[in-house]
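To convert, count from 1 in the sequence shown and add 46; that's my numbering.
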Amino acid sequence: RRNPYPLVFRCLKDSGISAFFTRSSAANIPVNMGLCKNLGLDEDFYSVAVPLGATINMDGAAITIAIMSLAAAFSTGVEVPFGMAILLSVVATLGACGASGVAGGSLLLIPMACSLLGVDANVAMQFVAIGFIIGVIQDSLETALNSSGDAMFVATAEYMEWKKEGRKEDISKSIKGQLSK
Numbered sequence: 047r048r049n050p051y052p053l054v055f056r057c058l059k060d061s062g063i064s065a066f067f068t069r070s071s072a073a074n075i076p077v078n079m080g081l082c083k084n085l086g087l088d089e090d091f092y093s094v095a096v097p098l099g100a101t102i103n104m105d106g107a108a109i110t111i112a113i114m115s116l117a118a119a120f121s122t123g124v125e126v127p128f129g130m131a132i133l134l135s136v137v138a139t140l141g142a143c144g145a146s147g148v149a150g151g152s153l154l155l156i157p158m159a160c161s162l163l164g165v166d167a168n169v170a171m172q173f174v175a176i177g178f179i180i181g182v183i184q185d186s187l188e189t190a191l192n193s194s195g196d197a198m199f200v201a202t203a204e205y206m207e208w209k210k211e212g213r214k215e216d217i218s219k220s221i222k223g224q225l226s227k
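See below:
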């Protein structure tokens, strides 16, 4: 059993900070590629996984869509049963895969999720407007989560592959860019 936090903090520091300021997963692809290279990962793997992750791995977008839709529902007095909340998280996750990797890309999917909950389209668009207002901070945090998640996914998948192959790895050394084979 290994401590995953050094990897999490390294990804947040190296990838998350630049993604926070660029507010674009697509613009942060070179940073994630460099991070994966510094972690000693296989270039054939991360050269495909990182750009793919920048387009479809939008965990921060899924959280934004779900939270803003629930806020719209609760502010209008719409009851959201537990089963519907679970369905909302599935729809938000699948919808987030279609979010663009640019600033505010997830906000335009809020009306889709609101329609699932029975929230009026005008109210949903008001929450999109609120999203644009708070977007400077919210979208920056969302993008940092999306982008650092891409690098963490690639590293975790690679480390799991090493484990299956029987390679001994020390994640703390890998994080410093050195592999123990």
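For glycine and all other residues, C-beta sits at the position ideal for the given N, C-alpha and C.
Checklist entry - Are D196 and R69 touching if we call contact CB-CB under 8 angstroms? => result For the purposes of this step, residue 196 is taken as the residue at position 150 of the sequence shown. For the purposes of this step, residue 69 is taken as the residue at position 23 of the sequence shown. In this structure, the beta-carbon distance from D196 to R69 does not fall below 8 angstroms.
Next on the checklist: According to DSSP, is D166 part of a helix, a strand, or is it coil?
Outcome noted: Here residue 166 is taken as the residue at index 120 of the sequence shown, counted from 1. Three-state result, D166: coil.
Checklist entry - For the 8 angstroms Cβ check, are there 3 or more pairs between the region 187–204 and the region 76–83? => result Output reads yes: the region 76–83 touches the region 187–204.
Next on the checklist: Helix, strand or coil, according to DSSP, for M104 in the structure here?
Outcome noted: In the sequence shown, residue 104 corresponds to position 58, counting from 1. Residue state for M104 is assigned as coil, using DSSP reduced to three classes.
Item to check | Assigned secondary structure, T202 (DSSP; H/G/I helix, E/B strand, else coil) | outcome: In the sequence shown, residue 202 corresponds to position 156, counting from 1. Helix.
Checklist entry - If we count Cβ pairs, one from each stretch, closer than 8 angstroms, do we get three or more for the region 136–145 versus the region 57–67? => result Too few Cβ pairs lie closer than 8 angstroms, so no.
Checklist entry - Do the region 120–136 and the region 155–166 make contact, defined as three or more Cβ pairs closer than 8 angstroms? => result Counting C-beta pairs closer than 8 angstroms gives three or more between the region 120–136 and the region 155–166, which meets the contact rule.
Checklist entry - With DSSP run on the structure shown, which of helix, strand or coil describes R48? => result Locating residue 48 in the sequence shown gives position 2, counting from the first residue. Correct three-state label for R48: coil.
Item to check | Exposure of Y51, with buried meaning 16 or more beta-carbon neighbours within 10 Å | outcome: Numbered from 1 along the sequence shown, position 5 holds the residue referred to as residue 51. Exposed, by the Cβ-count rule.
Next on the checklist: S146 and A112 - do their beta-carbons sit closer together than 8 angstroms?
Outcome noted: By one-based count along the sequence shown, residue 112 stands at place 66. By one-based count along the sequence shown, residue 146 stands at place 100. No; because the gap between Cβ atoms is not below 8 angstroms, this pair is not in contact.
Next on the checklist: Under 8 angstroms: do the region 196–209 and the region 166–177 share three or more Cβ pairs, one atom per stretch?
Outcome noted: Below 8 angstroms, too few C-beta pairs join the region 196–209 and the region 166–177 to call them touching: fewer than three.
Item to check | Segment limits, alpha helix (DSSP H) that includes I75 | outcome: Working through the sequence shown from its first residue, we reach residue 75 at position 29. Counting along the chain, the alpha helix (DSSP H) containing I75 begins and ends at 75–84.
Next on the checklist: Looking only at its chain, what residues have a beta carbon closer than 7 angstroms to the beta carbon of I102, apart from the 5 residues adjacent to it on each side?
Outcome noted: Walking along the sequence shown from the start, residue 102 turns up at place 56. Annotation for I102: C143 place their beta carbon closer than 7 angstroms to its own, counting only its chain and skipping 5 residues before and after.
Item to check | S93 versus L87: straight-line alpha-carbon distance, rounded | outcome: Within the sequence shown, residue 93 is the residue found at index 47, counting from 1. Within the sequence shown, residue 87 is the residue found at index 41, counting from 1. Answer to the nearest angstrom: the Cα atoms are 10 angstroms apart.
Checklist entry - Start and end of the alpha helix (DSSP H) containing V124? => result Position 78 of the sequence shown, counting from 1, holds the residue named residue 124. Per DSSP, V124 belongs to no alpha helix (DSSP H) and is neither H nor E.
Checklist entry - If F178 and A118 are in contact, beta carbons under 8 angstroms, what's the gap, nearest whole angstrom? => result The residue you call residue 178 lines up with position 132 of the sequence shown. The residue you call residue 118 lines up with position 72 of the sequence shown. Beta-carbon to beta-carbon, F178 and A118 are separated by about 14 angstroms, too far to satisfy the 8 angstroms threshold.
Next on the checklist: What does the Cβ neighbour count give for L98, buried or exposed, with the cut at 16 atoms within 10 Å?
Outcome noted: For the purposes of this step, residue 98 is identified with residue 52 of the sequence shown, where counting begins at 1. That one is exposed.
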